[in-house]
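In what follows, a single structure is set out as structure tokens and then discussed.
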Amino acid sequence: MKKVNYSVTSEFVFLGFTNSWDIQLLLFLVSSMFYVACIMGNCLIIFTVASDTHLHSPMYFLLANLSFIDVGISSATSPKMISDLLKKHKVISFRGCVIQIFFNQAIGGAEMVLLIAMAFDRYVAICKPLHYLTMMSPQMCLFFLITAWVVGLMHSVIQLIFIVNLPLCGPNILDSFFCDLPQFIKLACMNTYRLELLVSISSGFMSLVSFFLLSISYIVIILTVLKHSSSGAYKALSTLSAHVTVVVLFFGPAIFFYIWPSSTHLDKFLVLFDAVVTPFLNPVIYTLRNKEMKRAMRRVFRHLMGYRQIS
Numbered sequence: 394m395k396k397v398n399y400s401v402t403s404e405f406v407f408l409g410f411t412n413s414w415d416i417q418l419l420l421f422l423v424s425s426m427f428y429v430a431c432i433m434g435n436c437l438i439i440f441t442v443a444s445d446t447h448l449h450s451p452m453y454f455l456l457a458n459l460s461f462i463d464v465g466i467s468s469a470t471s472p473k474m475i476s477d478l479l480k481k482h483k484v485i486s487f488r489g490c491v492i493q494i495f496f497n498q499a500i501g502g503a504e505m506v507l508l509i510a511m512a513f514d515r516y517v518a519i520c521k522p523l524h525y526l527t528m529m530s531p532q533m534c535l536f537f538l539i540t541a542w543v544v545g546l547m548h549s550v551i552q553l554i555f556i557v558n559l560p561l562c563g564p565n566i567l568d569s570f571f572c573d574l575p576q577f578i579k580l581a582c583m584n585t586y587r588l589e590l591l592v593s594i595s596s597g598f599m600s601l602v603s604f605f606l607l608s609i610s611y612i613v614i615i616l617t618v619l620k621h622s623s624s625g626a627y628k629a630l631s632t633l634s635a636h637v638t639v640v641v642l643f644f645g646p647a648i649f650f651y652i653w654p655s656s657t658h659l660d661k662f663l664v665l666f667d668a669v670v671t672p673f674l675n676p677v678i679y680t681l682r683n684k685e686m687k688r689a690m691r692r693v694f695r696h697l698m699g700y701r702q703i704s
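Per my numbering, the sequence shown starts with residue 394, numbered consecutively.
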């Protein structure tokens, strides 16, 4: 039996969004501002939660970890994507492409589980307030965090097992800003229908089911809140609306990518939005919707200013 000699693909070429230098420069400036704001905003939330004892509760522990994940998921693709906007020839090595896919899948999976944990936290706080401290103990919060990363890493490793040894015949053009798993599979010189279907099921279907379950849980919570005309109902709905907004921002593009994988300008816009804008919006949404977080940030700021004056 003869062995088939496949050409070794050492690098991939990104087509990017457009060939217009003016549009690329505009995208570079906008993306850079959002990325810097994303890092600063999420790091501020992490620092505030860690520094202020008033925020040492399950809800803010999960929120700080969500901010940490947002920093990771944005940094996995944004720096390379932003720097490529100033380059005519946008390339990435095979190893760099695989690493991008690994971190995107791992961090994305972890965020999915963490959002479910945050929904469970709000469900217990609103629907079973007397059991909140028991059900959302520090051990339970740690369990949610470990589970999120284990699920994310397992999901990513399983995906890589199927693609890392794919035979690549030479075509190395990716019509995207970063290494996208569905497009990477299409470069293989074999019938990849089953593999693409497997990826759509494992990523897209999982995202769709998780979003459906989260939607049901939030509907149950909203109905529970509306049944009680207490003074805390408005506060609960305000906090819940922030959670719902973040869930929609996260799952919307993810479901679109894997359920309807294609190569359109809408896809590229969603990629840019998901990689740069969404991680920036998360801290903004939680900060603007949460009076306790804003008060804590002011306390931390005053403490730091006082410390500088003494120094």
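C-beta atoms are modelled at their ideal positions from N, C-alpha and C, and glycine is treated no differently. Note that the structure is predicted; figures quoted are calculated from it, not measured.
Contacting residues, own chain, Cβ-Cβ under 6 Å from residue 431 (five flanking each side not counted): As a working note, residue 431 is residue 38 in the sequence shown. Cβ neighbours of residue 431 beyond the five flanking positions: 467, 672 and 673.
Here's a check: name, in chain order, each residue in its chain whose Cβ is nearer than 6 Å to the Cβ of residue 409, leaving out the five neighbours to either side. In the sequence shown, counting from the first residue as 1, residue 409 sits at position 16. Closer than 6 Å at Cβ, skipping near neighbours: 483.
Going by the beta-carbon positions, is the gap between residue 562 and residue 494 smaller than 7 Å? Against the sequence shown, residue 562 aligns to sequence position 169. Against the sequence shown, residue 494 aligns to sequence position 101. Contact: no.
Could you tell me the boundaries of the alpha helix (DSSP H) in which residue 376 lies? Outside the displayed range of the chain (394 to 704) lies residue 376, so it cannot be described from this structure.
Count the other CB atoms, across all protein chains shown, that sit within 10 Å of the CB of residue 532; report buried if there are 16 or more and exposed otherwise. Taking the first residue of the sequence shown as position 1, residue 532 is located at position 139. When all chains shown are included, residue 532 counts as exposed.
Residue 520 to residue 602, Cα distance in whole Å? For the purposes of this step, residue 520 is identified with residue 127 of the sequence shown, where counting begins at 1. For the purposes of this step, residue 602 is identified with residue 209 of the sequence shown, where counting begins at 1. Their Cα atoms are separated by approximately 23 Å.
Classify residue 411: buried if its beta carbon has 16 or more other beta carbons within 10 angstroms, exposed otherwise. Taking the sequence shown and counting its residues from 1, one reaches residue 411 at position 18. Counting Cβ neighbours within 10 Å, residue 411 comes out exposed, since fewer than 16 surround it.
Is the beta carbon of residue 544 closer than 7 Å to that of residue 489? Within the sequence shown, residue 489 is the residue found at index 96, counting from 1. Within the sequence shown, residue 544 is the residue found at index 151, counting from 1. In this structure, residue 544 does not lie closer than 7 Å to residue 489 by Cβ.
In the DSSP assignment, find the unbroken beta strand (DSSP E) run with residue 729 in it and report its ends. Given that the chain is displayed from residue 394 to residue 704, the structure contains no residue 729 and the question cannot be resolved.
Going by alpha carbons, who is nearest to residue 547 out of 683, 419, 595 and 460? Locating residue 547 in the sequence shown gives position 154, counting from the first residue. For residue 547, the nearest C-alpha among the options comes from 595.
Since residue 485 is in the beta strand (DSSP E), which residue starts that stretch and which ends it? As a first step, residue 485 is located in the sequence shown; it is residue number 92 there, counting from the start. Looking at the DSSP string, the run of the beta strand (DSSP E) that includes residue 485 is 483-486.
If you compare alpha carbons, which of 480, 516, 693 and 458 is closest to residue 414? Taking the first residue of the sequence shown as position 1, residue 414 is located at position 21. Nearest C-alpha to residue 414: 480.
Opening and closing residue of the alpha helix (DSSP H) in which residue 579 lies: Here residue 579 refers to the residue found at position 186 of the sequence shown. From DSSP, the alpha helix (DSSP H) with residue 579 extends over 574-579.
Opening and closing residue of the alpha helix (DSSP H) in which residue 534 lies: Mapped onto the sequence shown, residue 534 falls at position 141. First-last of the alpha helix (DSSP H) with residue 534: 531-556.
Using the DSSP secondary-structure output, state which residues sit across from residue 456 in a beta bridge. One-based indexing of the sequence shown puts residue 456 at position 63. Bridge partners of residue 456: none, in fact.
Quick check on the DSSP output: the alpha helix (DSSP H) that includes residue 590 runs from which residue to which? Within the sequence shown, residue 590 is the residue found at index 197, counting from 1. Start and end: 586-592.
What are the boundary residues of the alpha helix (DSSP H) that residue 705 is part of? Outside the displayed span of the chain (394 to 704) sits residue 705, for which this structure offers no information.
Rounded to whole angstroms, what's the CA-CA distance from residue 587 to residue 474? Just pull it up for me. Numbered from 1 along the sequence shown, position 194 holds the residue referred to as residue 587. Numbered from 1 along the sequence shown, position 81 holds the residue referred to as residue 474. If I take the Cα positions, the gap works out to 30 Å.
Can we say the region 444-464 touches the region 678-692, given the rule of at least three CB pairs closer than 8 Å? yes
For residue 566, write down the residues that DSSP places opposite it in a beta bridge. Here the question's residue 566 lines up with position 173 in the sequence shown. Answer by DSSP bridge pairing, in chain order: 406.
What is the DSSP secondary structure of residue 507, reduced to helix, strand or coil? Indexing the sequence shown from 1 puts residue 507 at position 114. Helix at residue 507.
Who are the near neighbours of residue 552 in its chain, counting only those whose CB is closer than 6 Å to its CB and skipping five residues on each side? Your numbering for residue 552 matches position 159 in the sequence shown. Closer than 6 Å at the Cβ level, and outside the excluded window around residue 552, lie 498.
Skipping 5 residues on each side, what residues in its chain have a beta carbon closer than 7 Å to that of residue 565? Your numbering for residue 565 matches position 172 in the sequence shown. If we look at residue 565 and ignore the five residues flanking it on each side, its Cβ neighbours are 402, 404, 405, 406 and 580.
Can you tell me whether DSSP reads residue 561 as helix, strand or coil? Stepping through the sequence shown from its first residue, residue 561 is reached at position 168. Residue 561 falls in the strand class under three-state DSSP.
Backbone CA spacing between residue 506 and residue 608 [nearest angstrom]: Here residue 506 corresponds to residue number 113 of the sequence shown, with the count starting at 1. Here residue 608 corresponds to residue number 215 of the sequence shown, with the count starting at 1. So the alpha carbons of these two residues sit roughly 14 Å apart.
Got a sec, what are the start and stop residues for the alpha helix (DSSP H) residue 526 sits in? Position 133 of the sequence shown, counted from the start, is the residue given in the question as residue 526. Here the alpha helix (DSSP H) through residue 526 covers 525-528.
Does DSSP put residue 518 in a helix, a strand or coil? Start at 1 with the first residue of the sequence shown, and residue 518 comes out as number 125. Note: residue 518 maps to helix in three-state DSSP.
Considering only their Cβ atoms, is the gap separating residue 465 from residue 342 smaller than 7 Å? Any answer about residue 342 is impossible in this case: the structure gives the chain only from 394 up to 704.
Distance CB(residue 693)-CB(residue 424) smaller than 7 Å: Start at 1 with the first residue of the sequence shown, and residue 693 comes out as number 300. Start at 1 with the first residue of the sequence shown, and residue 424 comes out as number 31. No, the Cβ-Cβ distance between residue 693 and residue 424 is not below 7 Å.
Within the continuous alpha helix (DSSP H) that includes residue 477, where are the two ends? Residue numbering aside, residue 477 sits at position 84 when the sequence shown is read from its first letter. Run containing residue 477: 471-477, per the alpha helix (DSSP H) assignment.
Contact belief for residue 437 with residue 690 at Cβ below 8 Å, rounded distance in angstroms: Translated into the one-based positions of the sequence shown, residue 437 becomes position 44. Translated into the one-based positions of the sequence shown, residue 690 becomes position 297. That belief holds up - the Cβ atoms of residue 437 and residue 690 are roughly 7 Å apart, short of 8 Å.
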